[in-house]
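Taken in order, the sequence shown gives residues 1 to 381; the numbers are from our numbering.
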Amino acid sequence: MDLDWNKDERALYDSVVAFCKESLQHDVGVFDANSEFPRDAWKRCAGYGVLGWRVPQELGGKGYPAGLVAYLMEAFGYGCEDNGLAFALGTQMWGIQTALLNFGNDEQIARYLPGLINGDLIGAHAMNEDGSGSDAFAIAATADADGEDFLINGEKSLVTFAPNADFAIVFAKTAPDAGQWGISAFLVDADTPGYTASAPDAMMGLRTAPYGRVLLEGCRVPARSLLGKPGSGASIFSFIQTWERSLVLAPHLGAMQRLLERSVSFARKRKRAGVPIGKHQAVSHRIADMKLRLETARLLLYKTARKQQEGKVDLMDAALTKIYLSECLTRSAQDAIAVHGGDGYLTAAGIERNLRDAIGATIYSGTTDVQRNIVASLLGL
């Protein structure tokens with residue numbers, strides 16, 4: 001992929017930055033402190049078209065290729081300081097919409113996709129359980145056939161949007177003796193009897209993208225709620241994860257750009273003994289490292305995005321991208337705090353929030369340790 005974006009693409013980037021700065025001016029610090037989801041900002045994003053960027057035109061979206069959507073999400077991460085909101089949008093694009101577009105039937109797409117695009121509906125991805133975690137397929141939830149219905153029982157944890165979702169993609173065992181090939185996926189509306197969502201869990205970061213638990217007790221769903229074929233849940237999950245790991249961290253590039261520019265400006269203005277602190281090597285080298293991480297992370301992301309567009313992305317690409325971008329923002333946020341000193345440590349400055357948010361990316365969608373295991377395995381180790 002040529003990173004020399006054309007005039008129209010650069011204009012789209014600039015328009016996204018302008019939209020964020022003009023329309024997403026909610027006080028992120030307040031929402032973060034209250035672990036509150038900015039619903040109005042979400043609707044404005046939908047009205048601007050963000051949630052339709054990757055949806056084909058014939059289904060009501062813009063039909064942008066994956067690389068361009070990633071580029072525009074980089075712009076979003078630069079223009080909007082709410083990292084939780086950027087992450088939440090990504091979960092819908094690369095997770096929920098990917099599942100529907102690739103595995104949903106016409107009825108399911110017609111039922112859920114329009115609401116996802118206009119912001120009226122929010123989906124959750126209910127796979128993780130207390131006893132599974134990094135061993136994703138070691139779930140205990142079951143879906144037993146009962147006539148023409150299924151009865152789902154189990155409890156899901158660390159579910160993004162659990163407290164706010166209108167429906168969830170629930171993974172449960174329909175054939176427990178078949179291992180991962182006995183897992184199926186279901187589209188379950190949140191108002192279905194037996195479906196209970198918890199209040200938001202208190203978290204270190206990404207507080208504007210609420211996490212919680214989903215309890216399923218005798219939750220009866222019709223057979224038409226099955227997403228894909230029976231037993232295809234593991235394949236659906238793996239497919240979604242490859243997309244998420246590849247592209248959900250695109251806003252990190254914008255956040256790193258923001259932190260870099262802010263650190264450069266501060267290092268030029270702040271003086272010690274009459275000399276700008278940027279003249280001190282201990283400061284300038286941190287900022288140089290921030291620039292290096294940004295440029296190398298950008299190259300890796302768009303290489304993966306190009307391969308995703310061409311249908312050539314693999315587990316190695318996704319794992320490397322997930323590891324590198326998550327760790328780059330974490331390190332750059334640490335460096336930004338160090339450059340700003342005490343000012344950077346203050347909550348009011350909004351810099352430390354980037355570090356708290358960044359650490360989450362080293363955990364969700366597969367921890368960096370798991371990603372390194374994948375890389376090592378694919379290298380024959």
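Cβ coordinates follow ideal geometry from the N, Cα and C atoms, glycine included. Bear in mind that the values here come from a model prediction, so they are computed numbers and not experimental data.
Next on the checklist: Between which residues of its own chain and R286 is the CB-CB distance below 7 Å, once the five residues before and five after are set aside?
Outcome noted: Numbered from its first residue, the sequence shown carries residue 286 at position 286. Once the five neighbours on either side are set aside, the close Cβ partners of R286 are D335, A338 and V339.
Item to check | Coarse secondary structure for I351, derived from DSSP in three states | outcome: The residue given as residue 351 occupies position 351 in the sequence shown. The answer is coil: DSSP assigns I351 none of H, G, I, E or B.
Checklist entry - When you compare each of L315, Y364, P230 and A70 to L379 by their alpha carbons, which one comes out closest? => result Along the sequence shown, read from residue 1 onward, the residue named residue 379 stands at position 379. The option with the nearest alpha carbon to L379 is L315.
Next on the checklist: Could you tell me the alpha carbon to alpha carbon distance between K7 and G344, rounded to whole angstroms?
Outcome noted: For the purposes of this step, residue 7 is identified with residue 7 of the sequence shown, where counting begins at 1. For the purposes of this step, residue 344 is identified with residue 344 of the sequence shown, where counting begins at 1. Spanning the two alpha carbons is a distance of roughly 36 Å.
Item to check | Boundaries (first-last residue) of the alpha helix (DSSP H) holding H125 | outcome: Counted from its first residue, the sequence shown places residue 125 at position 125. That residue, H125, is in no alpha helix (DSSP H); its beta strand (DSSP E) goes G123 to A126.
Checklist entry - Candidates A297, G84 and E310: which alpha carbon is nearest Y324's? => result If you number the sequence shown from 1, residue 324 lands on position 324. Of the candidates A297, G84 and E310, the one whose C-alpha sits nearest the C-alpha of Y324 is A297.
Item to check | Opposing strand residues paired with C219 [DSSP bridges] | outcome: The residue labelled residue 219 in the question sits at position 219 within the sequence shown. Its beta-bridge partners are I152.
Next on the checklist: Quick test of your reading: I152 and G233, contact by CB under 8 Å. State the CB separation rounded to the nearest angstrom.
Outcome noted: Reading the sequence shown from its first residue, position 152 is the one you call residue 152. Reading the sequence shown from its first residue, position 233 is the one you call residue 233. Actually they are not in contact, since the Cβ atoms of I152 and G233 sit about 12 Å apart, beyond 8 Å.
Item to check | Closest Cα partner of S15 within the set G29, T368 and C80 | outcome: As a working note, residue 15 is residue 15 in the sequence shown. Out of G29, T368 and C80, C80 has the C-alpha closest to the C-alpha of S15.
Checklist entry - Roughly how many angstroms separate the alpha carbons of V170 and K271, rounded to a whole number? => result Residue mapping note: residue 170 aligns to position 170 of the sequence shown, counting from 1. Residue mapping note: residue 271 aligns to position 271 of the sequence shown, counting from 1. Each residue's Cα considered, the two are about 55 Å apart.
Item to check | At least three beta-carbon pairs within less than 8 Å, the stretch 302-321 to the stretch 244-263 | outcome: Enough Cβ pairs lie closer than 8 Å, so yes.
Item to check | Range covered by the beta strand (DSSP E) that runs through I236 | outcome: Residue mapping note: residue 236 aligns to position 236 of the sequence shown, counting from 1. Where I236 is concerned, there is no enclosing beta strand (DSSP E), although the alpha helix (DSSP H) it sits in stretches over G233 to L247.
Item to check | Straight-line gap, D357 to E148 (C-alpha atoms, nearest Å) | outcome: As a first step, residue 357 must be located in the sequence shown, where it is residue number 357. As a first step, residue 148 must be located in the sequence shown, where it is residue number 148. Looking at the two C-alpha atoms, the distance is approximately 44 Å.
Item to check | Cross-strand partners of D189 (DSSP beta bridge) | outcome: Your numbering for residue 189 matches position 189 in the sequence shown. According to DSSP, D189 bridges with F167.
Checklist entry - Contact between the stretch 51-71 and the stretch 200-218: three or more CB pairs below 8 Å? => result no
Next on the checklist: Excluding the 5 residues flanking P176 on each side, which residues of the same chain have their C-beta closer than 8 Å to its C-beta?
Outcome noted: For the purposes of this step, residue 176 is taken as residue 176 along the sequence shown, with counting starting at 1. Only T142 and G182 meet the Cβ criterion.
Next on the checklist: Measuring straight from C-alpha to C-alpha, what distance separates P230 and L381?
Outcome noted: As a first step, residue 230 is located in the sequence shown; it is residue number 230 there, counting from the start. As a first step, residue 381 is located in the sequence shown; it is residue number 381 there, counting from the start. Approximately 34 Å, taken between the alpha carbons.
Checklist entry - What did DSSP end up calling A141 once you bin it into helix, strand or coil? => result By one-based count along the sequence shown, residue 141 stands at place 141. Note: A141 maps to coil in three-state DSSP.
Next on the checklist: Need the endpoints of the alpha helix (DSSP H) that T304 sits in, please.
Outcome noted: Residue mapping note: residue 304 aligns to position 304 of the sequence shown, counting from 1. Taken as a continuous stretch (DSSP letters only), the alpha helix (DSSP H) holding T304 covers Q281 to Q309.
Checklist entry - Among residues of its own chain, excluding the 5 on either side of V283, which ones have a beta-carbon nearer than 7 Å to its beta-carbon? => result Along the sequence shown, read from residue 1 onward, the residue named residue 283 stands at position 283. Excluding sequence positions up to five before and after V283, its CB lies within less than 7 Å of the CB of A267, I277 and V339, all in the same chain and listed in chain order.
Item to check | Best match in R262, S238 and G52 for proximity to K291 [C-alpha to C-alpha] | outcome: Within the sequence shown, residue 291 is the residue found at index 291, counting from 1. Comparing Cα-Cα distances from K291 to each of R262, S238 and G52, the minimum goes to R262.
Checklist entry - So, are the CB atoms of L301 and L253 less than 8 Å apart? => result The residue labelled residue 301 in the question sits at position 301 within the sequence shown. The residue labelled residue 253 in the question sits at position 253 within the sequence shown. Contact flag set, yes.
Checklist entry - Are the stretch 83-97 and the stretch 23-41 touching by the rule of at least three beta carbon pairs closer than 8 Å? => result yes
Checklist entry - Looking only at its own chain, which residues have a Cβ that is under 6 Å from the Cβ of A223, when we skip the five neighbours before and after it? => result Taking the sequence shown and counting its residues from 1, the one referred to as residue 223 is at position 223. So the list reads E148, once near-sequence residues are dropped.
Item to check | Between the CA atoms of G154 and R220 - distance to the nearest angstrom | outcome: Residue mapping note: residue 220 aligns to position 220 of the sequence shown, counting from 1. Residue mapping note: residue 154 aligns to position 154 of the sequence shown, counting from 1. Cα to Cα, the separation comes out at about 12 Å.
Checklist entry - Which first and last residues belong to the alpha helix (DSSP H) in which Y71 is found? => result Position 71 of the sequence shown, counted from the start, is the residue given in the question as residue 71. Its alpha helix (DSSP H) spans residues A66 to G79.
Checklist entry - For D146, which three-state DSSP category applies? => result Here residue 146 refers to the residue found at position 146 when the sequence shown is read from its first residue. Note: D146 maps to strand in three-state DSSP.
Item to check | Contact belief for I236 with L227 at Cβ below 8 Å, rounded distance in angstroms | outcome: By 1-based counting over the sequence shown, the position of residue 236 is 236. By 1-based counting over the sequence shown, the position of residue 227 is 227. That belief holds up - the Cβ atoms of I236 and L227 are roughly 7 Å apart, short of 8 Å.
Checklist entry - Since A197 contacts A165 with CB under 8 Å, what's their CB separation in whole angstroms? => result To locate residue 197, count along the sequence shown from 1; it is residue 197. To locate residue 165, count along the sequence shown from 1; it is residue 165. Taking the Cβ atoms as the reference, A197 lies roughly 7 Å from A165, within the contact range of under 8 Å.
Next on the checklist: Give me the DSSP bridge partner(s) of V30.
Outcome noted: For the purposes of this step, residue 30 is taken as the residue at position 30 of the sequence shown. Paired residue(s): none; V30 is not in a bridge.
Item to check | Run of the beta strand (DSSP E) containing Y195, from where it starts to where it stops | outcome: Reading the sequence shown from its first residue, position 195 is the one you call residue 195. Its beta strand (DSSP E) spans residues Y195 to A197.
Next on the checklist: Taking a contact to mean a Cβ-Cβ separation below 8 Å, would you say Q108 touches L187 in this structure?
Outcome noted: In the sequence shown, the residue the question calls residue 108 occupies position 108. In the sequence shown, the residue the question calls residue 187 occupies position 187. Against a cut-off of 8 Å, the Cβ pair of L187 and Q108 comes out as a contact.
Checklist entry - For A168 versus A124, is the C-beta spacing smaller than 8 Å? => result Residue numbering aside, residue 168 sits at position 168 when the sequence shown is read from its first letter. Residue numbering aside, residue 124 sits at position 124 when the sequence shown is read from its first letter. In contact: A168 and A124 (Cβ atoms closer than 8 Å).
Item to check | C-alpha gap between R372 and G366, whole angstroms | outcome: Walking along the sequence shown from the start, residue 372 turns up at place 372. Walking along the sequence shown from the start, residue 366 turns up at place 366. Each residue's alpha carbon lies about 10 Å from the other.
Checklist entry - Would you call the CB atoms of D32 and R353 closer than 8 Å? => result In the sequence shown, residue 32 corresponds to position 32, counting from 1. In the sequence shown, residue 353 corresponds to position 353, counting from 1. Result yes, Cβ atoms of D32 and R353 sit closer than 8 Å.
Checklist entry - For L206 versus F87, is the C-beta distance shorter than 8 Å? => result On the sequence shown, position 206 is the one that residue 206 refers to. On the sequence shown, position 87 is the one that residue 87 refers to. Yes; because the gap between Cβ atoms is below 8 Å, this pair is in contact.
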